[in-house]
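Chemist: Got a structure here, written out as structure tokens. Questions coming.
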Amino acid sequence: MVHEYAGGWSLHLPDALRTSPQSAIRFSPYSLVCGTKAISPVEFEVPSVRMAMVNDLEWDMESCGNMRLIDLEAIDERRE
């Protein structure tokens, strides 16, 4: 798997360094500048409460709970 992506790692290194927490300050440079954690590409594909808040969608607690249960059931199915 490493060999498949061997050529492009240097393009993603600056993003990884900006979003990784530093041990001395316990925050990532991104979070210090922007005031929030970086949103990973996976969060754009998988609906989450955080992305709903970013997109100003109004969700109630019941909808969030139902989505979480669906996610947990899907995880259990994949494990089996």
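For the sequence shown, the tail end lands on 79 under numbering that gives the first Met the number 0, and the numbers increase by one without skipping. For glycine and all other residues, C-beta sits at the position ideal for the given N, C-alpha and C.
Let me know the secondary structure DSSP gives serine 30 once reduced to three states.
Modeler: Here residue 30 is taken as the residue at index 31 of the sequence shown, counted from 1. Note: serine 30 maps to helix in three-state DSSP.
Chemist: In three-state terms, what does DSSP make of aspartate 18?
Modeler: By 1-based counting over the sequence shown, the position of residue 18 is 19. Checking the sequence, you will find threonine at residue 18 rather than aspartate. Looking at threonine 18 - three-state DSSP - the assignment turns out to be helix.
Chemist: Among Arg25, Ala23, Ser19, Glu79, whose alpha-carbon lies nearest the alpha-carbon of isoleucine 38?
Modeler: The residue you call residue 38 lines up with position 39 of the sequence shown. Checking every option, the nearest Cα to that of isoleucine 38 belongs to Ser19.
Chemist: For methionine 0, collect the residues of the same chain with a Cβ closer than 6 angstroms to its Cβ; drop the 5 residues on either side in sequence, then sort them by chain order.
Modeler: Here residue 0 refers to the residue found at position 1 of the sequence shown. Residue placement at methionine 0 cannot be trusted, given a pLDDT of 48 that sits under 50; the coordinates are not used to answer.
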